[in-house]
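Numbering (my numbering), first residue to last: 161 to 585. For every residue, glycine included, the Cβ atom is placed at its ideal position computed from N, Cα and C. These notes concern the structure reproduced below.
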Amino acid sequence: MAVDRHILWDSLGMDLETHDQLCAVLPQAFGDVFLSQENRPEGMAFWDMVVADVHGIRPQELVDEQAKGRKVFGTFCTYVPDEVVIAGDGIVTGLCGGSQFWVPEGEKYLPADMCPLIKASLGARLGRTCPFFRIVDQIVGETTCDGKKKMYEIMAEDAPMYIMNLPHMKRPQDIAAFADEIALFKANVEEVTGNEITAEKLAESIKIINERRKALARVFETRKNKDVIPISGTDALLMMQIAFFDDPVRCAQMANNLAAELEQRLVDGVSVFPKGTKRILLTGTPLAIPNWKLHHIIETAGAAIVCEENCTGTKFFTNLVDESQTTLEGMYQALAERYMKINCACFTPNKARIDEILQLVKDYNVDGVINTNLKFCTTFKTEAPALEKVLEEAGIPVLDIETDYTDNDAGQLRTRVEAFVEMLG
Numbered sequence: 161m162a163v164d165r166h167i168l169w170d171s172l173g174m175d176l177e178t179h180d181q182l183c184a185v186l187p188q189a190f191g192d193v194f195l196s197q198e199n200r201p202e203g204m205a206f207w208d209m210v211v212a213d214v215h216g217i218r219p220q221e222l223v224d225e226q227a228k229g230r231k232v233f234g235t236f237c238t239y240v241p242d243e244v245v246i247a248g249d250g251i252v253t254g255l256c257g258g259s260q261f262w263v264p265e266g267e268k269y270l271p272a273d274m275c276p277l278i279k280a281s282l283g284a285r286l287g288r289t290c291p292f293f294r295i296v297d298q299i300v301g302e303t304t305c306d307g308k309k310k311m312y313e314i315m316a317e318d319a320p321m322y323i324m325n326l327p328h329m330k331r332p333q334d335i336a337a338f339a340d341e342i343a344l345f346k347a348n349v350e351e352v353t354g355n356e357i358t359a360e361k362l363a364e365s366i367k368i369i370n371e372r373r374k375a376l377a378r379v380f381e382t383r384k385n386k387d388v389i390p391i392s393g394t395d396a397l398l399m400m401q402i403a404f405f406d407d408p409v410r411c412a413q414m415a416n417n418l419a420a421e422l423e424q425r426l427v428d429g430v431s432v433f434p435k436g437t438k439r440i441l442l443t444g445t446p447l448a449i450p451n452w453k454l455h456h457i458i459e460t461a462g463a464a465i466v467c468e469e470n471c472t473g474t475k476f477f478t479n480l481v482d483e484s485q486t487t488l489e490g491m492y493q494a495l496a497e498r499y500m501k502i503n504c505a506c507f508t509p510n511k512a513r514i515d516e517i518l519q520l521v522k523d524y525n526v527d528g529v530i531n532t533n534l535k536f537c538t539t540f541k542t543e544a545p546a547l548e549k550v551l552e553e554a555g556i557p558v559l560d561i562e563t564d565y566t567d568n569d570a571g572q573l574r575t576r577v578e579a580f581v582e583m584l585g
C-alpha cells in the first residue's frame with residue numbers, strides 16, 4: 161500500500177496540486193514499460209520498490225539525514241566527483257529531469273529550441289514539482305554545455321549554486337587544471353558541511369565509489385554473453401538511473417545481489433529474450449529518469465539493448481580511481497585522471513569516444529548500433545556523422561535517432577526501429 165507523502169512534500173514547499181498530476185501518471189507508465197516484461201530477475205524488486213515511491217522513499221531519507229545536520233548536494237553530471245562530497249559527510253543526489261511533465265515550466269524561462277533535459281531540469285526546480293530539487297542544500301553544476309551554463313544562471317536566482325569548470329580538452333595541463341578544480345570543490349564542500357576533508361576521509365570515499373563502479377560493471381559484464389541475455393536493457397537502465405540517487409553503499413550491495421542472480425542465469429541458460437534476438441548498443445545523450453521511451457520501443461520491436469554508451473550507462477562506472485595515493489594532492493590528481501577519461505561529446509578532439517564505442521561493439525557482441533540524440537543537443541548531434549562513418553566503415557549497421565520526451569513520434573520511431581531490426585537479419 162502506497163504511503164501518503166503529502167506532509168513531506170508540503171514541508172518542502174512543493175506545488176501539491178500539480179505534483180499530484182505527475183504522481184497519477186507515473187504508476188501507469190511504469191507498469192506499461194516494466195511490469196509488462198516477462199521473466200524479469202527477482203533482484204529487480206528493489207528498483208521496482210524504489211520507483212513505486214520514487215518521490216517518497218529516498219527524499220524522506222534525505223530529509224531525515226538533514227535533520228541530523230548533514231547536507232545534500234544535487235548534481236547533474238557524471239563529471240562532478242561524488243567522492244569529495246562523501247568525504248565531507250555530505251550526501252549526493254542526481255537532479256536531471258527526464259520527463260516532458262517539467263518541460264513547459266522550463267520553457268517559461270528558456271528558449272523552446274533547447275535540449276528537453278535542460279528545460280525539464282529548470283522546470284522541476286522552479287515549478288516546485290520535484291522533491292529532490294527542493295531538498296538540496298546546494299546544487300553543483302558544471303560547464304559541459306552552453307545550454308546548461310545559461311540555465312544554471314537562471315537557477316542560481318532560486319537556489320544555492322556552485323559551478324565546476326570542466327576543461328574541454330584532455331592535455332596534461334587540462335587534467336592538472338581539473339585537479340585544481342577538484343581542490344576548489346573540496347573547499348566548497350567543507351564550507352557547506354562544516355566538516356574538514358582529510359586525506360583519510362577522501363581515501364575512504366574513493367573506495368566507496370569504486371565499489372559502486374565495480375558492482376554496476378559486474379551487472380553489465382553479464383550482458384556481454386552472446387548466447388544468453390539475462391536482463392533486459394530496460395531493467396538495466398532503471399538500475400543505472402536509480403544509481404544516481406541512491407546511497408552508494410546500498411547501491412553497490414543491490415547491484416552485486418543482482419549481478420549474482422544474473423551470473424547464475426548465465427549458468428542455467430535463462431534469457432529474457434528468445435535465442436537469436438538482435439543485440440543493440442545504444443549510444444548518445446543520457447536518459448534521465450523517467451525517460452524509458454527508446455528502450456521500451458526498441459525492446460518491443462524485436463531487439464534487445466545489451467549496452468548503453470552514455471552517462472546513464474558505461475560512462476558512469478567505467479575506470480576506477482587510483483587508490484594508492486596517500487596525500488590530498490595525489491588524490492585530486494587521481495580523481496582528475498579518472499573523470500577526464502569520460503568521453504563526452506563536449507570534448508575536442510573526441511576520437512576516444514569513437515574508439516570506445518568500437519570496442520564496446522566487440523565486447524558486447526553487438527549486431528547494430530542505435531545512435532540517439534535529444535533534440536537541440538548540439539554537441540552529440542554534431543559528432544554523430546563522424547561516429548556513423550566509422551561504424552559503417554567497420555561494417556556495423558547504425559541507425560540515427562533524434563527525439564525528445566514527448567510521445568508524438570513514438571509510432572514513427574517504432575516503424576524505423578522495426579525496419580532497422582529487420583535489416584539486421
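Could you tell me the boundaries of the beta strand (DSSP E) in which residue 550 lies?
As a first step, residue 550 must be located in the sequence shown, where it is residue number 390. Taken as a continuous stretch (DSSP letters only), residue 550 belongs to no beta strand (DSSP E), being part of the alpha helix (DSSP H) at 538-553.
Thinking just about the alpha-carbon of each residue, which of 252, 263 and 338 is nearest to the one in residue 292?
Reading the sequence shown from its first residue, position 132 is the one you call residue 292. Minimum Cα distance to residue 292 is reached at 252.
How long is the line joining the alpha carbons of residue 168 and residue 437, rounded to whole angstroms?
For the purposes of this step, residue 168 is taken as the residue at position 8 of the sequence shown. For the purposes of this step, residue 437 is taken as the residue at position 277 of the sequence shown. Spanning the two alpha carbons is a distance of roughly 45 angstroms.
From what residue to what residue does the beta strand (DSSP E) around residue 563 run?
Position 403 of the sequence shown, counted from the first residue, corresponds to residue 563. Segment 558-563, the beta strand (DSSP E) holding residue 563.
Identify, in the order they occur along the chain, each residue of the same chain with its Cβ nearer than 6 angstroms to the Cβ of residue 391, setting aside the five sequence neighbours on each side.
In the sequence shown, counting from the first residue as 1, residue 391 sits at position 231. Answer for residue 391: 201 and 422, listed in chain order.
Span of the beta strand (DSSP E), counted from its first residue to its last, around residue 497
By 1-based counting over the sequence shown, the position of residue 497 is 337. From DSSP, residue 497 is part of no beta strand (DSSP E) but of the alpha helix (DSSP H) over 488-499.
Closest residue to residue 389 among 354, 433, 362 and 346 (Cα-Cα distance):
Here residue 389 corresponds to residue number 229 of the sequence shown, with the count starting at 1. It is 433.
By Cβ distance below 7 angstroms, which residues in the same chain neighbour residue 368 in space, the five residues on each side in sequence not counted?
As a working note, residue 368 is residue 208 in the sequence shown. Answer for residue 368: 246, 408 and 409, listed in chain order.
Can you tell me which of the three DSSP states residue 214 falls into?
Along the sequence shown, one-based indexing puts residue 214 at 54. Reduced to three states, the DSSP call for residue 214 is coil.
May I ask you to verify whether the region 374-390 touches the region 184-191, counting CB pairs closer than 8 angstroms and requiring at least 3?
no
In whole angstroms, what is the alpha-carbon distance linking residue 529 and residue 473?
The count along the sequence shown starts at 1 and reaches residue 529 at position 369. The count along the sequence shown starts at 1 and reaches residue 473 at position 313. Taking the straight line joining both Cα atoms gives about 15 angstroms.
Continuous beta strand (DSSP E) assignments of at least 3 residues falling wholly in the region 394-449
438-444
Starting from the Cα of residue 288, find the closest Cα among 170, 574, 563 and 537 and give me that residue.
Sequence index remark: in the sequence shown, residue 288 carries index 128 (1-based). Minimum Cα distance to residue 288 is reached at 170.
Could you check if residue 218 is buried or exposed, using at least 16 other CB atoms within 10 Å of its CB as the buried criterion?
To locate residue 218, count along the sequence shown from 1; it is residue 58. With 16 or more Cβ atoms within 10 Å of its Cβ, residue 218 is classed as buried.
Residue 294 versus residue 346 - alpha carbon distance:
For the purposes of this step, residue 294 is identified with residue 134 of the sequence shown, where counting begins at 1. For the purposes of this step, residue 346 is identified with residue 186 of the sequence shown, where counting begins at 1. Roughly 23 angstroms between the two C-alpha positions.
So, helix, strand or coil for residue 368, using DSSP?
Your numbering for residue 368 matches position 208 in the sequence shown. Note: residue 368 maps to helix in three-state DSSP.
By the DSSP assignment, the alpha helix (DSSP H) with residue 467 in it spans what residues?
Counting from one through the sequence shown, the residue named residue 467 turns up at place 307. Here residue 467 belongs to no alpha helix (DSSP H); instead the beta strand (DSSP E) covers 463-469.
Excluding the 5 residues flanking residue 543 on each side, which residues of the same chain have their C-beta closer than 8 angstroms to its C-beta?
In the sequence shown, counting from the first residue as 1, residue 543 sits at position 383. Excluding sequence neighbours, residue 543 sits near 505, 510 and 513.
State buried or exposed for residue 163, treating a residue as buried only when at least 16 other CB atoms are found within 10 Å of its CB.
Taking the sequence shown and counting its residues from 1, the one referred to as residue 163 is at position 3. Residue 163 is exposed by the Cβ-count criterion.
Let me know if residue 264 comes out buried or exposed under the rule of 16 or more other beta-carbons within 10 Å of its beta-carbon.
Here residue 264 refers to the residue found at position 104 of the sequence shown. Residue 264 comes out exposed.
Quick one: is residue 318 buried, meaning 16 or more other Cβ sit within 10 Å of its Cβ, or exposed?
Counted from its first residue, the sequence shown places residue 318 at position 158. It counts as exposed.
Where do the ends of the alpha helix (DSSP H) carrying residue 312 lie?
Indexing the sequence shown from 1 puts residue 312 at position 152. Counting along the chain, the alpha helix (DSSP H) containing residue 312 begins and ends at 306-315.
Which of the three DSSP states is assigned to residue 302 in this structure?
Position 142 of the sequence shown, counted from the start, is the residue given in the question as residue 302. Of the three classes helix, strand and coil, the one that applies to residue 302 here is strand, per DSSP.
Could you check the C-alpha separation between residue 535 and residue 561 for me, to the nearest Å?
Stepping through the sequence shown from its first residue, residue 535 is reached at position 375. Stepping through the sequence shown from its first residue, residue 561 is reached at position 401. Between residue 535 and residue 561, the C-alpha separation is close to 10 angstroms.
Is it the case that the Cβ atoms of residue 338 and residue 320 are separated by a distance below 9 angstroms?
To locate residue 338, count along the sequence shown from 1; it is residue 178. To locate residue 320, count along the sequence shown from 1; it is residue 160. No. Outside cutoff.
For residue 417, which of 199, 204, 569 and 553 has the nearest alpha-carbon?
On the sequence shown, position 257 is the one that residue 417 refers to. Among 199, 204, 569 and 553, the Cα nearest to that of residue 417 belongs to 204.
Could you say if the region 514-522 and the region 486-497 meet the contact criterion of at least three C-beta pairs nearer than 8 angstroms?
no
If you drop the 5 nearest sequence neighbours on each side, which residues of the same chain put their C-beta closer than 8 angstroms to that of residue 486?
One-based indexing of the sequence shown puts residue 486 at position 326. Answer for residue 486: 359 and 363, listed in chain order.
Cβ neighbours of residue 457 in the same chain (closer than 7 angstroms, five flanking residues each side left out):
Numbered from 1 along the sequence shown, position 297 holds the residue referred to as residue 457. Closer than 7 angstroms at the Cβ level, and outside the excluded window around residue 457, lie 570, 573, 574 and 577.
Whole-angstrom Cβ separation of residue 258 and residue 447, contact assumed at under 8 angstroms?
Your numbering for residue 258 matches position 98 in the sequence shown. Your numbering for residue 447 matches position 287 in the sequence shown. 7 angstroms between Cβ atoms; contact.
With DSSP run on the structure shown, which of helix, strand or coil describes residue 236?
In the sequence shown, counting from the first residue as 1, residue 236 sits at position 76. Here residue 236 sits in coil by DSSP.
Who are the near neighbours of residue 176 in its chain, counting only those whose CB is closer than 7 angstroms to its CB and skipping five residues on each side?
Along the sequence shown, one-based indexing puts residue 176 at 16. The answer, listed in chain order, is 166, 169 and 170.
Which word fits residue 254, buried or exposed, when buried means at least 16 other C-beta atoms lie within 10 angstroms of its C-beta?
If you number the sequence shown from 1, residue 254 lands on position 94. Classification of residue 254: buried, given that the 10 Å Cβ count is 16 or more.
Using DSSP's beta-bridge definition, name the partner residues of residue 251.
Residue numbering aside, residue 251 sits at position 91 when the sequence shown is read from its first letter. DSSP, once it has assigned bridges, lists 232 as partnering residue 251.
Nearest-angstrom Cα separation, counted from residue 348 out to residue 225
Along the sequence shown, one-based indexing puts residue 225 at 65. Along the sequence shown, one-based indexing puts residue 348 at 188. Near 20 angstroms, if we compare the C-alpha coordinates of residue 348 and residue 225.
I'd like to check one pair, residue 477 with residue 376: are the Cβ atoms closer than 9 angstroms?
Here residue 376 refers to the residue found at position 216 of the sequence shown. Here residue 477 refers to the residue found at position 317 of the sequence shown. In contact: residue 376 and residue 477 (Cβ atoms closer than 9 angstroms).
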